[in-house]
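Visitor:
Number of protein chains: 2
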Amino acid sequence: MQTDKLRTALVDDHPIVIEGLKTLLQNETNLEVTSTFFKGEDFLSYIKVNQVDLVLLDVTLPDINGMDLCQMIKRESLSIIVLILSNHTERSIIMQTIQNGASGYLLKNSSLDELRHCISEAVKGNICFSKEVTEIISRPSKNQLQDRPQLTRREKQILSLLAQGKTSHIIAEELFLSPLTVDTHRRNLIQKFSAKNVAELIMEANQLGLL
Amino acid sequence: MQTDKLRTALVDDHPIVIEGLKTLLQNETNLEVTSTFFKGEDFLSYIKVNQVDLVLLDVTLPDINGMDLCQMIKRESLSIIVLILSNHTERSIIMQTIQNGASGYLLKNSSLDELRHCISEAVKGNICFSKEVTEIISRPSKNQLQDRPQLTRREKQILSLLAQGKTSHIIAEELFLSPLTVDTHRRNLIQKFSAKNVAELIMEANQLGLL
DNA sequence: TTGAAAATACCTAGAAATCAGTAGAAATAA
DNA sequence: TTATTTCTACTGATTTCTAGGTATTTTCAA
Numbered sequence: 417m418q419t420d421k422l423r424t425a426l427v428d429d430h431p432i433v434i435e436g437l438k439t440l441l442q443n444e445t446n447l448e449v450t451s452t453f454f455k456g457e458d459f460l461s462y463i464k465v466n467q468v469d470l471v472l473l474d475v476t477l478p479d480i481n482g483m484d485l486c487q488m489i490k491r492e493s494l495s496i497i498v499l500i501l502s503n504h505t506e507r508s509i510i511m512q513t514i515q516n517g518a519s520g521y522l523l524k525n526s527s528l529d530e531l532r533h534c535i536s537e538a539v540k541g542n543i544c545f546s547k548e549v550t551e552i553i554s555r556p557s558k559n560q561l562q563d564r565p566q567l568t569r570r571e572k573q574i575l576s577l578l579a580q581g582k583t584s585h586i587i588a589e590e591l592f593l594s595p596l597t598v599d600t601h602r603r604n605l606i607q608k609f610s611a612k613n614v615a616e617l618i619m620e621a622n623q624l625g626l627l
Numbered sequence: 417m418q419t420d421k422l423r424t425a426l427v428d429d430h431p432i433v434i435e436g437l438k439t440l441l442q443n444e445t446n447l448e449v450t451s452t453f454f455k456g457e458d459f460l461s462y463i464k465v466n467q468v469d470l471v472l473l474d475v476t477l478p479d480i481n482g483m484d485l486c487q488m489i490k491r492e493s494l495s496i497i498v499l500i501l502s503n504h505t506e507r508s509i510i511m512q513t514i515q516n517g518a519s520g521y522l523l524k525n526s527s528l529d530e531l532r533h534c535i536s537e538a539v540k541g542n543i544c545f546s547k548e549v550t551e552i553i554s555r556p557s558k559n560q561l562q563d564r565p566q567l568t569r570r571e572k573q574i575l576s577l578l579a580q581g582k583t584s585h586i587i588a589e590e591l592f593l594s595p596l597t598v599d600t601h602r603r604n605l606i607q608k609f610s611a612k613n614v615a616e617l618i619m620e621a622n623q624l625g626l627l
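Here the protein sequences line up with chains A and B, keeping their order.
Under the working numbering, read the first sequence as residues 417 to 627, first letter to last.
Under the working numbering, read the second sequence as residues 417 to 627, first letter to last.
1. Taking only beta-carbon positions, decide if B/Leu614 is within less than 8 Å of chain A.
2. Which residues of chain A have a Cβ atom closer than 8 Å to the Cβ of B/Gln512, listed in chain order?
3. Within the chosen definition, does the region 600-615 of chain A reach the region 599-612 of chain B through at least 3 CB pairs nearer than 8 Å?
4. Please list, in chain order, the chain A residues whose beta carbon lies closer than 8 Å to that of B/Phe545.
5. At a Cβ threshold of 8 Å, is B/Gly456 touching chain A?
6. Is the region 514-530 of chain B close to the region 446-456 of chain A, with three or more CB pairs under 8 Å?
7. Under the DSSP definition of a beta bridge, which residues are partnered with B/Thr600?
8. Return helix, strand or coil for A/Glu551, following the three-state DSSP convention.
9. Look up B/Arg423 in the DSSP assignment and say whether it is helix, strand or coil.
10. Using 8 Å as the limit for Cβ to Cβ distance, is A/Met619 near chain B?
11. Suppose you measure from the CA of A/Asp599 to the CA of A/Leu627; what does that come to, to the nearest Å?
12. By how many angstroms is the C-alpha of B/Leu577 removed from the C-alpha of A/Leu523?
13. With respect to the alpha helix (DSSP H) encompassing A/Leu463, which residues constitute its N-terminal and C-terminal limits?
14. Cutting at 6 Å between CB atoms, please list the residues of its own chain near A/Glu537, excluding the five before and the five after it.
15. Using a Cβ-Cβ cut-off of 8 Å (strictly less than) and excluding sequence neighbours within five positions of B/Ile496, which residues of its own chain qualify?
16. Given B/Asn382, which residues of its chain have a CB within under 6 Å of its CB, disregarding the five upstream and five downstream residues?
17. If the cut is a Cβ gap below 7 Å, which residues of chain A does B/Thr550 touch?
18. Using the rule of at least 16 other Cβ atoms within 10 Å of the residue's Cβ for burial, across every protein chain shown, is A/Leu477 buried or exposed?
19. Give a yes or no on whether 8 Å exceeds the smallest Cβ distance from A/Gln418 to chain B.
20. Is DSSP giving B/Glu506 helix, strand or coil here?
21. Express the C-alpha separation of B/Ala579 and A/His601 in angstroms, rounding to a whole number.
22. Compare the C-beta of A/Ser519 against all C-beta atoms of chain B and say whether one is closer than 8 Å.
23. Which residues of chain A have a Cβ atom closer than 9 Å to the Cβ of B/Ile480, listed in chain order?
24. Leaving out five residues before and five after B/Val449 in sequence, what residues of the same chain have Cβ atoms less than 7 Å from its Cβ?
25. Residue range of the alpha helix (DSSP H) that B/Ser536 falls in?
26. Buried or exposed: which applies to B/Gly541, given that a residue is buried once 16 or more other Cβ atoms fall within 10 Å of its Cβ?
27. Measure how close the beta-carbons of A/Gly482 and A/Thr513 come, nearest whole angstrom, since I'm counting them as under 8 Å.
28. Is there at least one Cβ from chain B nearer than 8 Å to A/Asn622's Cβ?
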């Protein structure tokens, strides 16, 4: 650490949230809010010139969405610790931000204690979620509740080859089968997923984590 | 907690790992290893009759893979805390296990301290990773490094409609365009992703988190 | 060993997608 | 305002997919 306090930025399009966070954090000994932004682009420009150690980021921003922004920040500088502070409670959004390099995710109704805790964990290099968020992640996702189609070994195999953009003809050659057989399997796959064609099939299979 | 000690199960196909863990954990005051399994199926049968509070799970098992098993366990009983103990260092595998309800992920070379720490966090309802795993998650994934194709507004729109299994004809109707125009966009999309057809296009788009 | 499920393979025929070009109009950034 | 990108639309030929069936053989569990 180059200074004694973490240079902290806030990015949120609600002035009230910015003010609230500033007030909440002003007595923290280990960090100092050095800049605030309403737009993602502004923050991206800022970090090209200024040093930032930690950023609290909203997901909903006027110009860029927080998930993409998170990625861009990390691309700019890996050393910036990104914590997401959001109202979104959808599992997919939470997972996406972590995928994109965030060190944690908190809901805006989190307590100051939780915020403090997550910041300190993040600084230590850990990934941290607020209580509520952990519950959302742990809760089985929709995919898991909705029972996925039961695929046979051959079907799984052909599904994966289809996902690679291979034609029936090619697949048939690779598996030493008649193209007609592959067609049949393909048809059964489409039916099992109640898809209209292979495109939708691949989409569904992806969403169910089968590819 | 119903008993004073956490009833802990170990699932791993390597007898040596099982023995090692048993030895390591035998002096823990807060848990007791009550059962061990080499195969996933065996464990699934076991929990239908017996109470288990915590399970340490390997990803590579002879019958079922740990990611799917994790999901099945959670479907059987949400109260069982699942910690993954694995040698796999691929990001996608780690994320998948968390998606499937695991409370943490450790590499097999983790220290006993790390294991202790993760267990205690998991019991508290948190999600916890060992140091090395946290680094893997934080490290930008391949997707993010390989720059994704730059799509125009129209292309994004048509991509998403294609993913719904719609034909050029249908899409053209919905967007008040000529089917020939939609064909052109489709072709450009396929080219930008260097895919062989729409199936591969949808697959790629999914992997890049664009759908 | 006897079903049931899975895998294999075929037919016909229409629908849709893909390849390989070209090119004007519209929108947008420099 | 100019330059560039994006959106639009077309031709023609070819390949691949999809939908409706049917049917035999293999495999695996009860």
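Virtual Cβ for every residue (Gly too), placed ideally from N, Cα, C.
Guide: If we stick to the structure as given:
1. A small fix is needed here, since residue 614 of chain B is Val in this sequence, not Leu. Judged by the 8 Å Cβ criterion, B/Val614 is in contact with chain A.
2. Gly625
3. no
4. Here the neighbours are Asn542 and Ile543.
5. At least 8 Å separates the CB of B/Gly456 from every CB of chain A.
6. No contact exists between the region 514-530 of chain B and the region 446-456 of chain A.
7. Looking at the DSSP assignment, B/Thr600 forms no beta bridge with any residue, so it has no partner.
8. helix
9. Residue state, collapsed to three classes: strand.
10. Judged by the 8 Å Cβ criterion, A/Met619 is in contact with chain B.
11. 20 Å
12. 32 Å
13. Here the sequence assigns Ile to residue 463 of chain A, which means Leu is not the residue at that position. Membership of A/Ile463 in the alpha helix (DSSP H) is indicated by the continuous run Gly456 to Val465.
14. Cys544
15. Correct list, in chain order: Ile463, Val468, Asp469, Leu470, Val471, Ile489 and Lys490.
16. Beyond the ends of chain B as shown, which are 417 and 627, falls residue 382 of chain B; an answer cannot be given.
17. Gly541, Asn542 and Ile543
18. Counting C-beta atoms within 10 angstroms of its own C-beta, A/Leu477 has 16 or more neighbours from the protein chains shown and is therefore classed as buried.
19. For A/Gln418, the predicted model reports a pLDDT of 46, less than 50, meaning its position is unreliable and no value from the coordinates is stated.
20. DSSP places B/Glu506 in coil when its eight states are reduced to three.
21. 20 Å
22. yes
23. Going along chain A, no residue has its Cβ under 9 Å from B/Ile480, so there is no contact; the nearest lies around 14 Å.
24. Thr424, Leu426, Lys438 and Leu441
25. Leu528 to Val539
26. exposed
27. 7 Å
28. yes
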